[in-house]
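*Asks:* Got a structure here, written out as structure tokens. Questions coming.
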Amino acid sequence: MHGYLSSKEAFTAQINYFSKFFRVTAIDFIGFGKSAPLTKPFSVSDYAEWTNEAFSLLGIEQPHIIAHSFGCRVAVKMAARDNAVFDKILLTGPAGVILKRGFSYRVRVGAYRFVKKFAPKFAEKRFGSAEYRTLSPVMKESYKKIVNEDLREAARKIGNEVLIVEGKEDTTTPLSEAEAYLACFSRGRLRTMDGGHFAFAEYPVLFNLIAEEFLI
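Sequential numbering of the sequence shown, starting at 86, is according to our numbering.
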């Protein structure tokens with residue numbers, strides 16, 4: 086389950102490797118890759134429901150799951166609703182934890198809201214991440230729903246075995262967020278490895294060996 090603005094191709098090395106041992110299914114979330122574009126803003130819950138429907142149509146029952154970044158949000162939401170939807174869960178570069186935001190963040194948000202009252206188009210172009218500014222209007226509304234939801238309460242409902250694999254140089258979802266997630270899982274473990282947010286693609290052999298040890 087891929088990250089935001091990514092696609093199933095991000096997992097090419099994993100698909101090729103784990104096809105030796107498993108039936109492997111990789112999907113493009115709606116709005117990404119080769120899937121249809123969004124026609125309305127989706128929340129994490131909407132993506133969870135959409136993915137459950139995809140599983141049903143594809144005949145997928147209680148799979149092991151490997152999820153990255155935004156895909157971890159969806160996996161956590163799905164497993165919190167029903168622990169039986171997955172077997173083992175591997176999260177890498179997991180998103181979904183909102184740690185305390187500093188003064189500079191609050192200043193930026195305040196400035197954005199003030200400017201938006203008088204010059205909404207300028208505010209949309211000037212503020213927000215580079216990722217956010219590339220999105221269509223409907224995707225921007227979806228993005229806001231997604232990034233403003235803290236999933237730690239959902240994570241506390243998960244009884245599955247969970248392995249978090251975190252790149253030591255990940256600045257997008259840093260180790261502090263992975264550790265905050267870890268504290269929520271009753272059966273969770275954390276492994277670190279070289280690499281950044283896409284450590285699984287930067288060092289696929291090492292990642293695949295870590296994943297294989299966990300899944301098999």
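Note that beta-carbon positions come from the ideal geometry of N, C-alpha and C, so glycine has one too.
1) Report the residue from 236, 91, 100 whose alpha carbon sits nearest the alpha carbon of residue 116.
2) Decide if the segment 272-280 is in contact with the segment 90-110; the criterion is three or more beta carbon pairs, one per stretch, under 8 Å apart.
3) If you draw a straight line from the C-alpha of residue 236 to the C-alpha of residue 243, how long is it?
4) Could you check whether the Cβ of residue 154 sits closer than 7 Å to any Cβ belonging to chain D?
5) Just checking residue 126 against the ligand GDP - is the residue's beta carbon closer than 6 Å to any of the ligand's heavy atoms?
6) CB residue 174 to CB residue 129, shorter than 7 Å?
7) Just how far apart, CA to CA, sit residue 121 and residue 103?
8) Can you list the beta strand (DSSP E) stretches of 3 or more residues lying completely in the segment 138-175, in chain order?
9) For residue 251, write down the residues that DSSP places opposite it in a beta bridge.
10) If you draw a straight line from the C-alpha of residue 125 to the C-alpha of residue 223, how long is it?
11) Let me know if residue 151 comes out buried or exposed under the rule of 16 or more other beta-carbons within 10 Å of its beta-carbon.
12) Quick one: what does DSSP say residue 136 is sitting in, helix, strand or coil?
*Replies:* Taking the geometry as given:
1) 91
2) no
3) 11 Å
4) The question asks about chain D, but that chain is absent: this structure has only one protein chain.
5) The ligand GDP is not part of the structure shown, which contains no ligands of any sort.
6) no
7) 27 Å
8) 150-153
9) 277
10) 6 Å
11) buried
12) helix
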